[in-house]
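Reading the sequence shown from the start, the letters are residues 371 to 513 in our numbering.
For each residue, glycine too, the CB sits at the ideal point set by N, CA and C.
Please read the structure below before turning to the comments.
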Amino acid sequence: MAPVNEFQFLKNAKENKIKIEINQTNTYVHTLSTCGELNDFEFGINFTFENSSIKSVWLSWDGGNTKKYGYSTTENQLIADKNSLAKLLAKIFDRAPDEITKTFSAFHFPWGDISASASLQSTIAAIGISWNCENHAIKEKLI
Numbered sequence: 371m372a373p374v375n376e377f378q379f380l381k382n383a384k385e386n387k388i389k390i391e392i393n394q395t396n397t398y399v400h401t402l403s404t405c406g407e408l409n410d411f412e413f414g415i416n417f418t419f420e421n422s423s424i425k426s427v428w429l430s431w432d433g434g435n436t437k438k439y440g441y442s443t444t445e446n447q448l449i450a451d452k453n454s455l456a457k458l459l460a461k462i463f464d465r466a467p468d469e470i471t472k473t474f475s476a477f478h479f480p481w482g483d484i485s486a487s488a489s490l491q492s493t494i495a496a497i498g499i500s501w502n503c504e505n506h507a508i509k510e511k512l513i
């Protein structure tokens, strides 16, 4: 899975008429935000770029128990939401997660990881995609 650089990402978004919000946290780090759907699950999506190279993508689930109960969502309800996201990923990848904890389920790949997680502090369930730092040289060749 070869990530695109920030310029190519913005070009693709514009060509596909996808509205992107840009937030520069400093000179080198940009967070681009939008929303989207995956198998009828609605997400708020944040793309983090550092030095024009993508570092991570976070898909915050806009449904489940957090949509029903907001900040009153219980720990067990958040864990259930995380498990729903992990099941979605398992179905897409046709395999079980490589690592499972109470609040985290991860699928490991040679290029990086995709995980489903629940944040008790933020009362949110999300899917995260991150690339391995040691693959930085590989990423630069693919861009």
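Residue i, DSSP secondary structure in three states
i, result
"G434", "helix"
"A507", "Because A507 sits at a pLDDT of 45, beneath the cut-off of 50, its placement in the model cannot be relied upon, and the following sentence gives the value as read from the coordinates. A507 falls in the helix class under three-state DSSP."
"A496", "strand"
"A383", "helix"
"A486", "strand"
"N502", "coil"
"A476", "strand"
"I462", "helix"
With 16 other Cβ atoms within 10 Å as the buried cut-off, status of residue i
i, result
"N435", "buried"
"T471", "exposed"
"D410", "exposed"
"N417", "The amino acid at residue 417 is misidentified as Asn; the sequence shows Phe. The residue in question, F417, is buried, as its Cβ has 16 or more Cβ neighbours within 10 Å."
"T444", "exposed"
"P467", "buried"
"L455", "buried"
"I600", "As displayed, the chain neither begins before 371 nor continues past 513, which places residue 600 out of reach and without an answer."
Rounded distance between the beta-carbons of residue j and residue i, thought under 8 Å
i, j, result
"A486", "L448", "No, A486 and L448 are not in contact; Cβ-Cβ is about 11 Å, not under 8 Å."
"I392", "L402", "6 Å"
"S422", "E376", "4 Å"
"S475", "K461", "With 8 Å as the limit, S475 and K461 do not qualify as a contact, their Cβ atoms being about 13 Å apart."
"F413", "S430", "6 Å"
"I415", "T397", "The pair is not a contact, with the Cβ atoms about 23 Å apart (cut-off 8 Å)."
"T459", "I484", "Contrary to the premise, residue 459 reads as Leu rather than Thr in this sequence. So it is a contact: roughly 6 Å between Cβ atoms."
"V374", "N382", "7 Å"
Practice item. Just list the alpha helix (DSSP H) runs in the region 392 to 449, keeping only unbroken ones of 4 residues or longer that don't cross its boundaries, in chain order. Key: 434 to 439
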